[in-house]
Amino acid sequence: MKFILNYIRKETWSPYVAGILLGVVGILVVLVANSLLGASGGFENLAGMLGKWVAPEAFDNLYFNFIMPPGITFGVFLLIGTFFGGMVGAATSKTLQWGKKDAVNGDPQWKRIFGPQTWKRWVLAFIGAIFMEYAAGIAGGCTSGLVISGGMLLAPSAFIFMGGFFASGILTTLLIYRRRY
Amino acid sequence: MGTTIAAIFLGFFFGFSLNKAGLTKYHKIVNVFRFTDMAVLKFIMTSLAVAMTGLFILRGFGVITFPNIPATYIVGNLAGGLLFGVGMALVGY
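Structural data, given as structure tokens:
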């Protein structure tokens, strides 16, 4: 029992142990709700709801009517849980940095590559997130919605997507890091 | 109502496992693309193997039917993947 408690307090688990936990969660999602894990879908449902409210004409299209219907869906509640899960995970290892000065920009490797300014982190996070969410919309899922939940059902799209993001991810990192790669 | 509570509960463990695997850190994500730290890949592959085994066994026993699997449209999946990688390497989330 003490061993388990001490293991929970560790900051980084062995990826195999954490992977087993995620695999079990993936099975339970199908078993309990006949649904799939996913992070980007919930954001799209919320964005659709907001869009229908602010600009109903612009959002009256095929995508937001049929593919990603707006509303408070299973994915949105999953997101709420994910937020608190991540927070509690950080709190158990005492790395939760809520409200601290370096909370947003605390990664030493990021500072070495992009510089110490915090606004840069915000701007790049915003731009990168637009890329990611838009791409997830095109492909039909993100790393969790397509690679993990699609992959565990052996959907071909998951493996095509995975090949795609590894190729361009390596290329982008090469361009950013150059000689420091 | 039941599914709502289940969603929050399952989401909690989803977030917890992501945090403990270190996927909430910039350097963990980017170092996969630099081939210096493969923890993220190990994490994803382990979860895939566990979930695949469990799901196909449960389907074999007739306990579950699969939900709609993500659609395959090669150009879209590939284009989305290529764009996604750019964002992922920039942000590291």
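In order, the protein sequence lines correspond to chains A and B.
According to our numbering, the first sequence is numbered sequentially starting from 6.
According to our numbering, the second sequence is numbered sequentially starting from 88.
For every residue, glycine included, the Cβ atom is placed at its ideal position computed from N, Cα and C.
It should be emphasised that the depicted structure is a prediction, and the values quoted were computed from it without experimental measurement.
Within-9 Å CB hit, residue i to chain B
i                      : result
residue 89 of chain A  : yes
residue 92 of chain A  : yes
residue 68 of chain A  : no
residue 102 of chain A : no
residue 174 of chain A : yes
residue 17 of chain A  : yes
residue 151 of chain A : yes
residue 52 of chain A  : no
residue 167 of chain A : yes
residue 24 of chain A  : yes
residue 95 of chain A  : yes
residue 10 of chain A  : no
residue 59 of chain A  : no
residue 64 of chain A  : no
residue 76 of chain A  : no
residue 71 of chain A  : no
residue 48 of chain A  : no
residue 36 of chain A  : yes
residue 55 of chain A  : no
residue 6 of chain A   : no
Residue i: CB within 8 Å of a non-hydrogen atom of the ligand SAM
i                      : result
residue 127 of chain A : With respect to small molecules bound, the structure shown includes none, and the ligand SAM cannot be examined in it.
Which listed residue (the options) has its alpha carbon closest to that of residue i
i                      : options                   : result
residue 172 of chain B : A:44, A:144, A:118        : A:144
residue 5 of chain A   : B:122, B:110, B:168       : Since the first and last residues shown for chain A are 6 and 186, residue 5 of chain A lies out of range.
residue 2 of chain A   : A:179, A:31, A:12         : Lying before the first or after the last residue shown, residue 2 of chain A is absent from chain A, which here runs from 6 to 186.
residue 138 of chain B : A:78, A:21, A:185, A:85   : A:21
residue 161 of chain B : A:183, A:37, A:164        : A:164
residue 114 of chain B : A:135, A:118, A:7         : A:118
residue 146 of chain B : A:150, A:33, A:73         : A:33
residue 17 of chain A  : A:98, A:120, A:88         : A:98
residue 141 of chain A : A:24, A:19, A:43, A:29    : A:43
residue 96 of chain A  : B:124, B:123, B:102       : B:102
residue 166 of chain A : A:11, A:110, A:88, A:152  : A:152
residue 133 of chain B : A:46, A:150, A:28, A:93   : A:28
residue 84 of chain A  : A:102, A:46, A:110        : A:46
residue 58 of chain A  : A:183, A:68, A:75         : A:75
residue 170 of chain B : A:154, A:159, A:146, A:73 : A:146
residue 100 of chain A : B:148, B:109, B:121, B:92 : B:109
Beta carbon proximity, residue i to chain A, threshold 9 Å
i                      : result
residue 149 of chain B : no
Exposed unless 16 or more other CB atoms sit within 10 angstroms - verdict on residue i
i                      : result
residue 49 of chain A  : buried
residue 180 of chain A : exposed
residue 66 of chain A  : exposed
residue 113 of chain A : exposed
residue 121 of chain A : exposed
residue 15 of chain A  : exposed
residue 117 of chain B : buried
residue 61 of chain A  : exposed
residue 175 of chain B : buried
residue 152 of chain B : exposed
residue 3 of chain A   : The structure shown does not extend to residue 3 of chain A, since chain A is modelled only from 6 to 186, so the question has no answer here.
residue 126 of chain A : buried
residue 170 of chain A : buried
residue 103 of chain A : exposed
Any C-beta of chain C under 9 Å from that of residue i
i                      : result
residue 161 of chain A : Of the chains in the structure shown, none is chain C; the protein chains are A and B.
Just by C-beta distance, which residues in the region 96-118 of chain B are closer than 7 Å to chain A?
-> 96, 97, 98, 99, 100, 101, 102, 103, 104, 105, 106, 107, 108, 109, 111, 112, 113, 114, 117
Whole alpha helix (DSSP H) runs in the region 123-164 of chain A with 4 or more residues, listed along the chain?
-> 123-144, 154-157
Could you name each continuous beta strand (DSSP E) segment of 3 residues or more that falls completely within the region 89-113 of chain B, going from the start of the chain to the end?
-> Runs found: none.
Residues of the region 107-130 of chain A with Cβ closer than 8 Å to any Cβ of chain B, in chain order | Answer set for the region 107-130 of chain A: 112, 113, 114, 115, 129, 130.
Fully enclosed by the region 121-157 of chain B, which beta strand (DSSP E) runs are 3 residues long or longer?
-> none
Fully enclosed by the region 17-73 of chain A, which alpha helix (DSSP H) runs are 4 residues long or longer?
-> 20-38, 45-59
Identify each residue in the region 129-142 of chain B for which the Cβ-Cβ distance to at least one residue of chain A is less than 9 Å, and report them in chain order.
-> 129, 130, 131, 132, 133, 134, 135, 136, 137, 138, 139, 140, 141, 142
Cβ-based contacts, 7 Å cut-off: residues of the region 146-177 of chain B near chain A = 151, 153, 154, 156, 157, 158, 159, 161, 163, 164, 165, 166, 167, 168, 169, 170, 171, 172, 173, 174, 175, 176, 177
Could I get the ranges of all uninterrupted alpha helix (DSSP H) runs contained in the region 100-126 of chain A, with 4 residues as the minimum, in chain order?
-> 113-119
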